[in-house]
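S.K.: Structure provided below as structure tokens; questions to follow.
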Amino acid sequence: MQADLDVLRDLTIARVTVDNTHYVRLVDIPEPFRAEFRAWMRFGACPGIEGEERCGCMYEHDFEGYRQERLRGIYRKWQGKAPWELSHYEPPPTNDDRR
1 MQADLDVLRD
11 LTIARVTVDN
21 THYVRLVDIP
31 EPFRAEFRAW
41 MRFGACPGIE
51 GEERCGCMYE
61 HDFEGYRQER
71 LRGIYRKWQG
81 KAPWELSHYE
91 PPPTNDDRR
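Position 45 (the sequence shown) corresponds to 45 in our numbering; numbering is contiguous.
Quick look at the structure:
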């Protein structure tokens with residue numbers, strides 16, 4: 001799967017709550033990286049952030065772990081499989097799917 005890794009590399013989406021919880025919002029992650037990150041984070045913990053969608057956020061350190069593996073092309077979390085090779089990966093909708 002080829003994607004514009006510069007977009008992922010340059011992405012600045014981290015947020016911090018008043019109690020110092022560092023997180024990212026899934027809606028701020030562009031596709032196809034959002035779909036990949038969701039697959040990569042299966043069974044992962046998500047912080048409850050006041051004012052945000054339930055399970056719509058993930059911890060920043062988890063996103064950074066995904067990002068570093070994706071940029072290097074070395075996947076350690078799921079026995080060496082890339083996120084899009086996982087059986088639970090759901091590809092992002094295409095323009096045809098939105099009609």
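Note that CB positions come from ideal geometry on N, CA and C, so glycine has one too.
Mapping the DSSP letters down to three states, classify Y89 as helix, strand or coil.
M.R.: Of the three classes helix, strand and coil, the one that applies to Y89 here is coil, per DSSP.
S.K.: Using only the alpha-carbon positions, how far apart do A45 and P30 sit?
M.R.: Those two C-alpha atoms are separated by around 21 Å.
S.K.: I need the DSSP call for R99, collapsed to helix, strand or coil.
M.R.: Residue placement at R99 is poorly supported in this model, since its pLDDT is 49, which falls under 50; the coordinates are not used for a value here.
S.K.: In this structure, how does DSSP classify R25 when only helix, strand and coil are distinguished?
M.R.: It is a strand residue.
S.K.: In angstroms with no decimal places, state the Cα-to-Cα distance between R25 and L8.
M.R.: Spanning the two alpha carbons is a distance of roughly 14 Å.
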